[in-house]
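Put into structure tokens, the structure is as follows:
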């Protein structure tokens, strides 16, 4: 299409140069210039080359007549009806449409009448009698006593046992699945019994006089002596349930509970 050709009445396609170099069918366009595009036009924009193609119809499709019918009679008729409508006609037409829609629907099943029943609060009286009073602290189930609440009876029971019986009870608790408060109390009581028994021996007294006191290790060595059949099983029994660090700390507390203190100016760890 030349520059002087008329513009097609059915529409056309064009490309405008907005800054980049545009070449259409060998014709370079400057910024602001426009060129019309035809089917098969060669276009180059910058470094991109392409062909402008329009959709084409086959011979069979060209022979078909494709038309689109627009019914405007309804719009015109509606406009005429609206011009002749009187006030209140719209409501009557709407009611007629609603009635027609209801008659077209199948009849629904009748619903059973429901009667609302009053909701009774927990404190409201019923037909069987007055509501029970709210539970009070005195009528509630008794609280299960904890193991520490019966401490005095446990202490009295352990005080009546001999050292050999205490060790037997500790062995039973150490070989059980759990380690409750009674087992812990047995361990601390047995440690105090061991410290008291060691303080009564001539060996520990002579060691205290010669060294100015005894160490915790001295008591543990005396306890672990194979000839000491009553107390030498204390350490392996306790280590079945607690760590060695906790075991040593518990034994230190047992020495202090027996009344022995660490003396200043003596070898570290010695107690008298």
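Residue numbers (this note's numbering): 55 to 326. All C-beta atoms, glycine included, are put in the ideal place defined by N, C-alpha and C.
Determine the direct distance from the alpha carbon of residue j to that of residue i, and round the result to whole angstroms.
i	j	result
residue 199	residue 208	Legend: pLDDT at residue 199 = 43, less than 50; position of this residue unreliable, no value from coordinates given.
residue 236	residue 251	22 Å
residue 211	residue 270	28 Å
residue 213	residue 220	9 Å
residue 67	residue 156	55 Å
residue 218	residue 247	10 Å
residue 277	residue 295	19 Å
residue 194	residue 206	With a pLDDT of 43 at residue 194, under the threshold of 50, the predicted position of this residue should be treated as unreliable, and no value is reported.
residue 242	residue 263	27 Å
residue 104	residue 60	26 Å
residue 259	residue 268	9 Å
residue 265	residue 257	12 Å
residue 93	residue 110	10 Å
residue 146	residue 64	48 Å
residue 310	residue 303	11 Å
residue 282	residue 255	12 Å
residue 108	residue 62	15 Å
residue 253	residue 231	34 Å
If residue i and residue j are in contact, beta carbons under 8 Å, what's the gap, nearest whole angstrom?
i	j	result
residue 273	residue 249	6 Å
residue 279	residue 286	6 Å
Among the candidates the options, whose CA atom is the shortest distance from the CA of residue i?
i	options	result
residue 97	69, 86, 278 and 295	69
residue 291	149, 310, 229 and 154	229
Who are the Cβ neighbours of residue i in its own chain at under 6 Å, not counting the five residues just before and after it?
i	result
residue 76	83 and 99
residue 87	71
residue 305	245
residue 240	223, 224 and 227
residue 233	295
Within the same chain, show all residues whose beta-carbon is closer than 8 Å to that of residue i, passing over the 5 residues directly before and after it, in chain order.
i	result
residue 91	66, 67, 68, 69, 78, 97 and 106
residue 73	85
residue 215	223
residue 95	78, 79, 105 and 106
residue 289	274, 277, 278 and 301
residue 293	301
residue 261	268 and 272
residue 154	none
Note down, in chain order, each residue of its chain lying with its Cβ closer than 7 Å to the Cβ of residue i, except the 5 sequence neighbours on either side.
i	result
residue 284	217, 218 and 221
residue 307	none
residue 89	68, 69, 78, 81 and 83
residue 152	none
residue 298	none
Mind pulling the beta strand (DSSP E) runs of 3 or more residues that sit fully within the stretch 68–104?
You should have 76–78, 81–83, 88–91 and 95–99.
Runs of 4 residues minimum, wholly inside the stretch 248–294: which ones carry the alpha helix (DSSP H) assignment?
With a minimum length of 4 residues, the continuous alpha helix (DSSP H) runs that stay inside the stretch 248–294 are 256–265, 270–277 and 288–292.
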